[in-house]
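Asker: Dropping a structure here in structure tokens format, bear with me for questions.
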Amino acid sequence: MSAEYNDYVLTTSLEQGWMTSEQADQVRVVITANPQVAALDLMEEQQLLSAEQVEMLRNLIEQAGGGEAEVQDSSEVWSYLERAVEMGASDLHLGPDSPALVRIHGQLFPIDGAGARILDKEETEQLARSFLLFKQSTRVEEHGSFEFCYEVPELARFRTSVVRQRRGWESVFRVISSKIRTMDELGLPPVLKTLTRYHNGLVLVTGSVGSGKSTTLAAMVDHINKERKDHIITLEDPIEYVFIPAGCQVSQREIGSNSANFSTALRAALREDPDVIMVGEMRDLETISLAITASETGHLVLGTLHTSTAARTLDRLLDVFPIDQQAQIRTMVSESLRGIVCQQLIPRKDGKGRMLALEVLVNNPAVGNLIREAKTFMLPGVMQTGKKLGMKLMDDSLQELLDQGMITGEEAYRRAENKKDFATGLAGQL
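Heads up, the sequence shown is in the numbering used here, so the first residue is 60 and it goes up one at a time.
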């Protein structure tokens, strides 16, 4: 079997997040010693890939040239990615009519500094096609976008989005650390460890795009992985952090590659003897309904929403249901909810990174009663009195960072819920 064929199979499996670098290295050792062995046959025999993944690979190989698939030259993109990682960037943008940009501490800068060369639409399309598979390029042509996890061996994994916009093709890469940081390394409060120790119920991590939800969720899942002897299933779009089984068996499924959507994947997961289920995003009524049901039937469910406070999270969660079902759902959530963590990443005052601000809600009888009675607007008062349980309001977290001199009054004012409390300090800065 040709080296090009085997390289194509392994590269594709890594890019799709179907296997780890360690597993790919093990396959390479075997096929190097046995040149007649095809990588895909070996991976299928050793059950490193699912039947669905094997079939998808065979289709891709056929489309790309019947077993002698051409691997395109993506060295220029890799060069950009290497530099972005070296600079400590969180994101890389390769878009038309713009220089290559990196996001550092929340702000975009040209990767080559002032006066950087502008990329034209032909270049950005060529750059995108250089790392996309044929089927992925076709998806962009037909649907206008494609999202997946891209891996550069020995560098990093990247959450990648390729879109066809008005001026041409644009690629955006979010750097994913290969190392899953612990909850202690992230500075997360001890109450979050308490939330991971439940064997059933619902835990939600919320915040805007880029607020670090995935990093927090990964730390919580890995904490469970190391502390317990359970079966963890993650449903992600795309797979970001790769979990190496420690005490737990960890099954990771990518939406789009391994399942059609979150609701289908979650329904299937419930038949796979799970103890813990991580839902990358609870987007629709069916997914939210299944997640609540799972949390009530002996599973710990961790999920995310794009909301900024605990009260808004509950409103968003419950308002997706028809009016005639909301009373029942409120009762179910009041009993199954374990906690809500809302977070923001705020630029440091000294410009050397970003600080994490957290709002934490822990369910107790008072919280459950407010949920049942549809009085979520009263939750801040209960959270103020629940500090001994680990509860904290976002404004209190912002005030702590402001008092420590870690963030500016302007940032605190802009992100606060009760802006009047921060207006005096802001006026003093201006």
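Each residue gets a CB set at the ideal place from its N, CA and C atoms; glycine is no exception.
Write down the C-beta distance between S80 and L108 rounded to the nearest angstrom, noting that I regard them as a contact closer than 8 Å.
Answerer: Not quite, the Cβ-Cβ distance comes to about 15 Å (not below 8 Å), so this is no contact.
Asker: Report the rounded CA-to-CA distance for A327 versus T70, giving the unit in angstroms.
Answerer: Going by the C-alpha atoms only, they are around 28 Å apart.
Asker: Quick one, are the C-beta atoms of M337 and T293 less than 8 Å apart?
Answerer: For M337 and T293, yes; Cβs fall inside 8 Å.
Asker: Does the beta-carbon of V161 have 16 or more other beta-carbons within 10 angstroms, so that it is buried, or is it exposed?
Answerer: Buried: at least 16 other Cβ atoms inside 10 Å.
Asker: Under 8 Å, with one C-beta from each stretch per pair, do the region 259 to 279 and the region 179 to 187 reach the 3-pair mark?
Answerer: No, the region 259 to 279 does not touch the region 179 to 187.
Asker: Alpha carbon to alpha carbon, what distance is there between S157 and I177?
Answerer: Cα to Cα, the separation comes out at about 5 Å.
Asker: Check for me: the beta strand (DSSP E) holding L192 runs from which residue to which?
Answerer: Counting along the chain, L192 falls outside any beta strand (DSSP E), and DSSP gives it neither H nor E.
Asker: Is DSSP giving R117 helix, strand or coil here?
Answerer: R117 falls in the helix class under three-state DSSP.
Asker: Could you tell me the alpha carbon to alpha carbon distance between G315 and D296, rounded to whole angstroms?
Answerer: For G315 and D296, the distance between alpha carbons rounds to 7 Å.
Asker: Only counting the same chain, and skipping five residues up and downstream in sequence, which positions put a Cβ closer than 8 Å to that of A475?
Answerer: M453, D454, L457 and F481, listed in sequence order.
Asker: Exposed or buried, what is H282 when buried is set at 16 or more other beta-carbons lying within 10 Å of its beta-carbon?
Answerer: With 16 or more Cβ atoms within 10 Å of its Cβ, H282 is classed as buried.
Asker: Spell out a yes or no on whether the region 163 to 173 and the region 143 to 152 are touching, meaning 3 or more CB-CB pairs, one atom from each, closer than 8 Å.
Answerer: The region 163 to 173, when compared against the region 143 to 152, does touch it at the 8 Å Cβ threshold.
Asker: Given that a residue counts as buried once 16 or more other Cβ atoms are within 10 Å of its Cβ, and exposed if not, what is I291?
Answerer: That one is buried.
Asker: Give a yes or no on whether the C-beta atoms belonging to G260 and N284 are separated by under 8 Å.
Answerer: No; because the gap between Cβ atoms is not below 8 Å, this pair is not in contact.
Asker: Helix or strand or just coil, what does DSSP make of M442?
Answerer: If DSSP states are grouped into helix, strand and coil, M442 belongs with the helices.
Asker: If I measure Cβ to Cβ from N65 and keep anything under 6 Å in the same chain, skipping five residues before and after, which residues do I get?
Answerer: Within the same chain, N65 has close Cβ partners I90 and A98.
Asker: Would a C-beta distance cut-off of 8 Å place V392 and H358 closer than the cut-off?
Answerer: Their beta carbons are not under 8 Å apart, which means V392 does not touch H358 by this criterion.
Asker: Determine whether the beta carbon atoms of G398 and V419 lie at a separation below 8 Å.
Answerer: Contact: yes.
Asker: Look at the alpha carbon of Q112 and the alpha carbon of T467, and state the distance between them as a whole number of angstroms.
Answerer: Each residue's alpha carbon lies about 49 Å from the other.
Asker: Whose C-beta lies closer than 6 Å to the C-beta of V222 among residues of the same chain, with five residues either side of it excluded?
Answerer: Answer for V222: S204 and E229, listed in chain order.
Asker: Would you kindly work out how many angstroms separate the C-alpha atoms of F232 and R218, rounded to a whole number?
Answerer: C-alpha separation (whole angstroms): 6 Å.
Asker: Under the rule that 16 or more other beta-carbon atoms within 10 Å means buried, what is R226, buried or exposed?
Answerer: Classification for R226: exposed.
Asker: Does E299 pass the burial test, meaning 16 or more other C-beta atoms within 10 Å, or should it be called exposed?
Answerer: It is buried - the Cβ of E299 has at least 16 other Cβ atoms within 10 Å.
Asker: Which of helix, strand or coil does DSSP assign to W137?
Answerer: Correct three-state label for W137: helix.
Asker: Between the alpha carbons of A353 and T255, how many angstroms are there, rounded?
Answerer: Taking the straight line joining both Cα atoms gives about 16 Å.
Asker: Where does R216 fall in DSSP's three states?
Answerer: Reduced to three states, the DSSP call for R216 is strand.
Asker: Alpha carbon to alpha carbon, how far is E213 from G174?
Answerer: Looking at the two C-alpha atoms, the distance is approximately 31 Å.
Asker: Along the chain, where does the alpha helix (DSSP H) that runs through L457 open and close?
Answerer: Element bounds for L457: M453 to D462.
Asker: What residue range is occupied by the uninterrupted alpha helix (DSSP H) comprising R473?
Answerer: Its alpha helix (DSSP H) spans residues G468 to R474.
Asker: How would you label F436, buried or exposed, when you count the other beta carbons within 10 angstroms and need 16 or more for buried?
Answerer: Its Cβ having fewer than 16 others within 10 Å, F436 is exposed.
Asker: Give me the Cα-Cα distance between S189 and S220, rounded to the nearest whole angstrom.
Answerer: About 14 Å.
Asker: Nearest to F375 by alpha carbon, out of R87, L247 and D343?
Answerer: The question names Phe, but residue 375 is Arg in the sequence shown. The shortest Cα separation from R375 among R87, L247 and D343 belongs to D343.
Asker: Check each candidate in Q387, G464 and E74 and name the one with the smallest Cα separation from T409.
Answerer: Sequence inspection shows Asp at residue 409; the Thr mentioned does not correspond to that position. For D409, the nearest C-alpha among the options comes from G464.
Asker: Taking 8 Å as the threshold (C-beta atoms), are V426 and G449 in contact?
Answerer: No; because the gap between Cβ atoms is not below 8 Å, this pair is not in contact.
Asker: What separation, rounded to the nearest whole angstrom, lies between the Cα atoms of L509 and Q385?
Answerer: Not covered by the structure: residue 509. The range shown for the chain is 60 to 489.
Asker: Would E74 be called buried (16 or more neighbouring beta carbons within 10 Å of its own) or exposed?
Answerer: Buried, because 16 or more other Cβ atoms sit within 10 Å of the Cβ of E74.
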